[in-house]
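Student:
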Amino acid sequence: MQSQAESENIGAFLRWTLPTTTDVIFIALLWIIMLGPRSNRFFLDGDPGWHVRAGQHMLETRSIPHHDIFSHTMPEGWWVAYEWGSEVLMALFHYWGGLNGLVFFVTLVLAISYTLLYSYLRRDGYSFTFTFLLLVFVFAGSSFHWLARPHPISYLFVLLFSRILDLVEQGRWPASRVWWLVPIMFLWVNLHAGFIAGLLIVLTHAAASFLTWFAAPGEERPRLAPAARRIAGVCAATFAVTLANPNGYGLYQYLARYFRAVHNLNPDNELHSPSFQVLLFQPFLLAVVALIFLIPYSRHRLQLHEIATLALWSTLGFISLRNIPVMFFICTPIYARLLAGLNDPLTGILSRGPVLQRALRWLYARIERTMSIERRMKGHLLLGLTILLIVLLVSNHGYVGGHRVIDFRFSELEFPHGAITYLQSHMPQGNVFNDWGFGGFLVYHFYPNIKVFIDGRLDMYGEDYTRQYIDLISTPSEVGKQRESWKAVFGRYQIAWVMTNPDHTLRYVLDVDPGWRSVYKDGRCVIFVKKEGS
96 MQSQAESENI GAFLRWTLPT TTDVIFIALL WIIMLGPRSN RFFLDGDPGW
146 HVRAGQHMLE TRSIPHHDIF SHTMPEGWWV AYEWGSEVLM ALFHYWGGLN
196 GLVFFVTLVL AISYTLLYSY LRRDGYSFTF TFLLLVFVFA GSSFHWLARP
246 HPISYLFVLL FSRILDLVEQ GRWPASRVWW LVPIMFLWVN LHAGFIAGLL
296 IVLTHAAASF LTWFAAPGEE RPRLAPAARR IAGVCAATFA VTLANPNGYG
346 LYQYLARYFR AVHNLNPDNE LHSPSFQVLL FQPFLLAVVA LIFLIPYSRH
396 RLQLHEIATL ALWSTLGFIS LRNIPVMFFI CTPIYARLLA GLNDPLTGIL
446 SRGPVLQRAL RWLYARIERT MSIERRMKGH LLLGLTILLI VLLVSNHGYV
496 GGHRVIDFRF SELEFPHGAI TYLQSHMPQG NVFNDWGFGG FLVYHFYPNI
546 KVFIDGRLDM YGEDYTRQYI DLISTPSEVG KQRESWKAVF GRYQIAWVMT
596 NPDHTLRYVL DVDPGWRSVY KDGRCVIFVK KEGS
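In the working numbering, the protein residues as written are 96 to 629.
1) Taking Arg148 as the reference, give the member of Pro543, Ala235, Phe121 and His240 with the closest Cα.
2) So the candidates are Ser214, Ala235, Thr115 and His146; which of them puts its Cα closest to the Cα of Arg133?
3) Terminal residues of the continuous beta strand (DSSP E) containing Ile425?
4) Rounded to the nearest angstrom, how far is the Cβ of Pro247 from that of Val204, given a contact under 8 angstroms?
5) Count Cβ pairs between the stretch 217 to 224 and the stretch 525 to 544 that sit closer than 8 angstroms; are there 3 or more?
6) For the alpha helix (DSSP H) that contains Asn195, what are its first and last residues?
7) Taking C-beta to C-beta, are Val336 and Val297 nearer than 8 angstroms?
8) Would you kindly check if the distance between the Cβ of Pro369 and the Cβ of Ile419 is under 8 angstroms?
9) With a cut-off of 8 angstroms on the beta carbons, I'd call Ala356 and Leu553 a contact; round off their distance for me.
10) Return the chain-ordered list of same chain residues with a C-beta closer than 6 angstroms to the C-beta of Trp173, the five sequence neighbours on each side being excluded.
11) Specify, as a first and last residue, the run of the alpha helix (DSSP H) that Tyr615 falls within.
12) Less than 8 angstroms between the beta carbons of Phe120 and Thr202, yes or no?
13) Just to confirm the assignment, what range does the alpha helix (DSSP H) spanning Phe623 have?
14) I believe Leu154 touches Ala186 by the beta-carbon criterion, under 8 angstroms. Please report the beta-carbon distance rounded to the nearest angstrom.
15) Within 10 Å of its beta-carbon, does Ser271 have 16 or more other beta-carbons around it, so buried, or fewer, so exposed?
16) Going by DSSP, which residues form a beta bridge with His246?
17) Can you tell me which of Asp559, Leu295, Asp550 and Ile545 puts its alpha carbon nearest to the alpha carbon of Gly535?
18) Between Asp679 and Gly513, is the Cβ-Cβ spacing less than 8 angstroms?
19) Expressed to the nearest angstrom, what Euclidean distance is found between the alpha-carbon atoms of His599 and Gly131?
20) Quick check: the Cα distance between Leu197 and His367, rounded to an integer number of angstroms?
21) Report yes or no: do three or more beta-carbon pairs, one from the stretch 282 to 291 and one from the stretch 320 to 329, lie closer than 8 angstroms?
22) Grouping DSSP H, G and I as helix and E and B as strand, with all else coil, what is Phe510?
23) Write down the C-beta distance between His400 and Thr299 rounded to the nearest angstrom, noting that I regard them as a contact closer than 8 angstroms.
24) State whether the stretch 509 to 523 contacts the stretch 221 to 240, with contact taken as three or more CB pairs (one from each stretch) at a distance under 8 angstroms.
25) Is Phe503 helix, strand or coil by DSSP?
26) Assuming contact is defined by CB atoms lying nearer than 8 angstroms, are Ala288 and Glu178 in contact in what I supplied?
27) Within 10 angstroms of its Cβ, does Tyr556 collect 16 or more other Cβ (buried), or is it exposed?
28) Grab me the residues of Gly345's own chain with a C-beta within less than 8 angstroms of its C-beta, minus the 5 sequence neighbours each way, in chain order.
29) Given Trp611, which residues of its chain have a CB within under 8 angstroms of its CB, disregarding the five upstream and five downstream residues?
30) Taking the CB atoms as reference points, tell me whether Gln563 and Val584 lie closer together than 8 angstroms.
31) By Cβ distance below 7 angstroms, which residues in the same chain neighbour Arg417 in space, the five residues on each side in sequence not counted?
32) The beta strand (DSSP E) spanning Met555 covers which residue range?
33) Considering Met129, what are the terminal residues of the alpha helix (DSSP H) in which it resides?
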């Protein structure tokens, strides 16, 4: 028989080695995001290519560019690299592990964000089952925008902003901690333009606090005034610190240009409203419609800032599909409070079904027993080993033995990898005209040897130039405001070769033009070269 000391030693060993549910959630997320069914969607567009090369340029030159470095058409074009911090991080991970390393970076950010949301809800007292199901719903509703780009970093920051404000509002944290938002905003503004969401979060709380003070009876106002002044000060300070970026106030001017140029012209519709015929967007629709039933039937009475938050981010989700994941990260704690407030109505329903009630009690008892064991767990050995395993896997170029387990590439459904192989041995001379979607792809493979016609930075190219590009590929005979022919535009930019989609009108025009010849063709692109003397 084991002695008591041996049993205690075994118990201590298990406490320090067995994972907590939070660890298990994080480990599962790492593997699901990196190797799951949606992992093939990280490189659906070419933007990761120029993000990585921009970060490498900054590391090599130790400077942040203020003018275009990737195109031959805009050599002095005003470019604000507002994601410069993220691009440097992306370049570092790419130096280490190539595109596998880049995916690991994005996976790490996403897994931390979802796990933090889970952890916050558990700390708020919600059961494992309730929290897990809510997390699965958020996961399903936000996974459509997993791309190897900087924007997942903003999911982490909106979560931090919302959490700090919630804890202060609920009195669980000292009011002074709300000032933590200022240094956090300094980091955010230098990592991603999603910092605008942080300003909206603080502004929502500030407006709600002011209206609460304004609508309060006279004798209540002195009690409410300090909180209103404090959040107003934080709001002003967070805005002020956003100017501490390499472009100062120019960042806002550039972002205004971004929204003007991109919202109506973005070829991939990323900033357009969601279509609810698409299954991926239906969790968002369900979440918004559910408010019609949750608000009147829940015992939780929404605070003014909660009402404003739900209204604002639901509206922004309808306006642009890329706001939907942000909405889920910000609003899920509010949904949790509303759902938890349904206990009384649910109890009444369950009382009519005693068998179901007994089954649920049995299930909850087993879960609570598991949770009581988990509360004694203190170690993170399995978590550490999992991260170490992934790091070793990426460091070994994705190989385990002689088998390649991970090999992330730009999507073969979207990008002409065969054309890259051809160009490596048959590179045409002169300036290229390329499709918008191929720009970042070409930058990734050939910068600085090739300067592109256009890429995903439509904000830098501007609305007029982007319209000119759209006309070139769709109506080559009437391009831009001057209604020029494609030949006039090609002459102005000295285009010597073309890499375009086989379905574009321009392809058929070049097919029959005697001055151009096709040198490469596959299902993704056609390459034309201008004939000598043409």
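Heads up, the beta-carbon is just placed ideally off N, CA and C, and yes, glycines get one too.
Tutor: According to the structure data:
1) Out of Pro543, Ala235, Phe121 and His240, Pro543 has the C-alpha closest to the C-alpha of Arg148.
2) Measuring from the Cα of Arg133, the nearest candidate turns out to be Ala235.
3) Taken as a continuous stretch (DSSP letters only), Ile425 belongs to no beta strand (DSSP E), being part of the alpha helix (DSSP H) at Ile419 to Ala435.
4) Contact holds; Cβ gap of about 5 angstroms.
5) Short answer: they don't touch.
6) Its alpha helix (DSSP H) spans residues Trp179 to Arg218.
7) The answer is no: Cβ separation not under 8 angstroms.
8) One thing to note: Ile419 has its Cβ within 8 angstroms of the Cβ of Pro369.
9) With a contact defined as Cβ atoms closer than 8 angstroms, Ala356 and Leu553 qualify at about 5 angstroms.
10) None.
11) For Tyr615, no alpha helix (DSSP H) segment is defined; the enclosing uninterrupted segment is the beta strand (DSSP E) at Trp611 to Lys616.
12) The sequence given here has Ile at residue 120, not Phe. For the 8 angstroms CB-CB criterion, Ile120 and Thr202 do not form a contact.
13) Under the DSSP assignment, Phe623 falls outside any alpha helix (DSSP H), being part of the beta strand (DSSP E) whose first and last residues are Val621 to Lys625.
14) At roughly 6 angstroms, the Cβ-Cβ gap stays under 8 angstroms, so Leu154 and Ala186 are in contact.
15) Under this definition Ser271 is an exposed residue.
16) Beta bridge pairing from DSSP links His246 with no other residue.
17) That would be Asp550, whose Cα lies nearest to the Cα of Gly535.
18) Since the first residue of the chain shown is 96 and the last is 629, residue 679 is not available in this structure.
19) Approximately 34 angstroms, taken between the alpha carbons.
20) Rounded to the nearest angstrom, the gap between the Cα atoms of Leu197 and His367 is 27 angstroms.
21) Not touching, per the Cβ criterion.
22) Note: Phe510 maps to coil in three-state DSSP.
23) Sure, about 6 angstroms apart at Cβ, within 8 angstroms.
24) Too few Cβ pairs lie closer than 8 angstroms, so no.
25) It is coil, neither helix nor strand.
26) Their beta carbons are under 8 angstroms apart, which means Ala288 touches Glu178 by this criterion.
27) Flag for Tyr556 reads buried.
28) Once the five neighbours on either side are set aside, the close Cβ partners of Gly345 are Val175.
29) Within the same chain, Trp611 has close Cβ partners Val593, Leu605, Phe623, Val624, Lys625, Lys626 and Ser629.
30) Cβ distance < 8 angstroms, so Gln563 and Val584 count as in contact.
31) Within the same chain, Arg417 has close Cβ partners His240, Glu365 and Leu366.
32) Segment Leu553 to Tyr556 is the alpha helix (DSSP H) holding Met555; no beta strand (DSSP E) there.
33) Where Met129 is concerned, the enclosing alpha helix (DSSP H) stretches over Thr116 to Leu130.
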